[in-house]
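Chains as they are written, first to last, in this note's numbering: chain Y, -19 to 180; chain S, -19 to 180. One structure is given below, encoded as structure tokens.
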């Protein structure tokens, strides 16, 4: 790689540091940017800086927004009685894409993970508590990922909310739609069996 | 996607416009950049602008460089009698990784493709001609990709160089090492048979 100029190498390294981008892709992306018209490359760089400057967390739900309070928290069309707790802003997008859920969200920006040194106070659980003063709230949906950390975080929050007497639910576990039983992993199949639903 | 702030959407679109990055990956990358420490995101943006400013094409071989003449063209350790003609700077990297080839390069920055409106004068063929005045040159290796456009470009250059009486070669076609005959496509297998090598 002696033949690669320093600034190009640096650009490749920045791309390679992004999640899911390997050395080869980083190289391809860096070369692509060099081949773009000057103003398009500048626009790309500017969009990074602009997004960083404009975007912060909603004062209420902690989702990314460019306002003080995000559109979902501000909208009177959303059902204020339900809060869906998710790990990251990406999960909010996943739910919004469904166009089914009409409640609000709370974004934790992480999951409790003692092994990685992430304690409850390192994620946005504290910010959830003042929201629960609102007597209009009837249900909290725990929608963390079905991983060890996701489960642990959901359990922690469920225990924390117990004294408040709120209805706390979590997403159903089971076989994914369109999947095949034969290829479903044992843990999932077991969950699907445990949580079987009466059809009579 | 109504809940996505404009500047975040713009950042996602920039990522999605990169080769091999789909909507989902673009979203993940944009969110990742928002989660980085402020200075790292700024560094990323700066590295794009810096690379664009510093990098241009070598006056001789047209490969990317931050100097007037690239390291390979400037190095006295490289064999000036052989020029390997490739489509793009990525191909130079592929050859350099081998650490076998010691000649120099010529980067076309594209392939002739009449259907896409790319004529011979749209790629860096013109820049090759003055290099051939050098009487020290003994061989031109055509190393374009084995695609229709790559073949057409190689044929065009071979014909162009014919009057000069230079030795013009191209990369061997055949079965890839470690591949299996059973899964080799018919065209490749045919080429391998045609170009079979005497082992006695």
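Don't be surprised by glycine CBs; every beta carbon is placed ideally from N, CA and C.
Exercise. In terms of residues, what are the limits of the beta strand (DSSP E) holding residue 119 of chain S?
Worked result: 119 to 122
Problem set entry | 8 Å contact criterion, which residue 39 of chain Y and residue 58 of chain Y should meet: CB distance rounded | With 8 Å as the limit, residue 39 of chain Y and residue 58 of chain Y do not qualify as a contact, their Cβ atoms being about 16 Å apart.
For this session: Output yes if chain A places a C-beta closer than 8 Å to the C-beta of residue -15 of chain S; else output no.
Result: Although the question refers to chain A, the structure presented lacks it and instead comprises the protein chains Y and S.
Problem set entry | CB contact below 8 Å: residue 93 of chain Y versus chain S | no
Problem set entry | Rounded Cβ spacing between residue 215 of chain Y and residue 121 of chain Y (contact assumed at less than 8 Å) | Nothing about residue 215 of chain Y can be read from this structure; chain Y reaches only from -19 to 180.
Exercise. Is the beta carbon of residue 91 of chain S sitting closer than 8 Å to the one on residue 112 of chain S?
Worked result: no
Problem set entry | Outcome for residue -14 of chain Y when other beta-carbon atoms lying within 10 angstroms are tallied against a minimum of 16 | exposed
Problem set entry | Proximity to residue 144 of chain S [Cα-Cα], best of S:48, S:49, S:118 and S:95 | S:118
Exercise. Under 7 Å Cβ-Cβ, which residues of chain S neighbour residue 98 of chain Y?
Worked result: Those do not exist, as residue 98 of chain Y stays about 14 Å from chain S at its closest Cβ, beyond 7 Å.
For this session: Check residue 148 of chain S in the structure and name its three-state DSSP category.
Result: strand
For this session: Mind checking who residue 66 of chain S pairs with in its DSSP beta bridge?
Result: S:87
Exercise. Quick one: what's got a C-beta closer than 7 Å to residue 49 of chain Y's C-beta in the same chain, skipping five residues either side?
Worked result: 38, 39 and 40
Exercise. Tell me, which residues are paired with residue 45 of chain S by DSSP?
Worked result: S:36
For this session: Check whether the Cβ atoms of residue 103 of chain S and residue 89 of chain S sit closer than 8 Å, and answer yes or no.
Result: yes
Exercise. Taking the alpha helix (DSSP H) that residue 7 of chain Y falls in, what are its first and last residues?
Worked result: 3 to 15
For this session: Report buried or exposed for residue -1 of chain Y, applying the criterion of at least 16 other Cβ atoms within 10 angstroms of its Cβ.
Result: exposed
Exercise. Within the chosen definition, does the segment 13 to 31 of chain Y reach the segment -11 to 9 of chain S through at least 3 CB pairs nearer than 8 Å?
Worked result: yes
For this session: Return the first residue and the last residue of the alpha helix (DSSP H) that residue 131 of chain S is part of.
Result: 128 to 141
For this session: Mind listing the chain S neighbours of residue 12 of chain Y? Cutoff is C-beta to C-beta under 7 Å, in chain order.
Result: -2 and -1
For this session: Mark residue 79 of chain Y as exposed unless 16 or more other C-beta atoms lie within 10 angstroms of its C-beta, in which case mark it buried.
Result: exposed
Exercise. Taking three-plus beta-carbon pairs below 8 Å as touching, is the segment 129 to 140 of chain Y in contact with the segment 68 to 78 of chain Y?
Worked result: no
Problem set entry | Extent of the continuous alpha helix (DSSP H) run through residue 53 of chain S | 51 to 54
Problem set entry | Separation of residue 93 of chain Y from residue 129 of chain Y, as counted between CA atoms | 6 Å
Exercise. For the ligand PLP, any of its heavy atoms closer than 7 Å to the Cβ of residue 53 of chain S?
Worked result: Summarising the ligand content, the structure contains no ligands, and the ligand PLP is consequently not present.
Problem set entry | Top-ranked residue by Cα proximity to residue 110 of chain Y, from Y:42, Y:27 and Y:-6 | Y:42
Exercise. Looking at C-alpha atoms only, which residue of S:20, S:31, S:69 and S:105 is the closest neighbour of residue 18 of chain Y?
Worked result: S:31
For this session: For residue 50 of chain Y, return the contacting residues in chain S, with the cut-off set at a CB-CB distance below 9 Å.
Result: -17 and -15
For this session: Sort S:72, S:96, S:153 and S:29 by Cα distance to residue -9 of chain Y and report the nearest one.
Result: S:29
Problem set entry | 8 Å Cβ cutoff met for residue -6 of chain S and residue 23 of chain Y | yes
For this session: Would you list, in chain order, the members of the segment 34 to 45 of chain S that have their beta-carbon closer than 7 Å to a beta-carbon of chain Y?
Result: 34, 35, 44 and 45
Problem set entry | Run of the alpha helix (DSSP H) containing residue 174 of chain S, from where it starts to where it stops | 166 to 174
For this session: Compare the Cα-Cα distances from residue 159 of chain S to each of S:73, S:-17, S:172 and S:21 and report the closest residue.
Result: S:172
Exercise. Since residue 25 of chain Y meets chain S, which of its residues come closer than 7 Å, beta carbon to beta carbon?
Worked result: 25, 28 and 29
For this session: Please go through the same chain and pick out, in chain order, the residues whose beta-carbon is closer than 6 Å to the beta-carbon of residue 47 of chain S, but skip the five residues on each side of it.
Result: none
For this session: Could you tell me the distance, in whole angstroms, from the CA atom of residue 2 of chain S to the CA atom of residue 2 of chain Y?
Result: 15 Å
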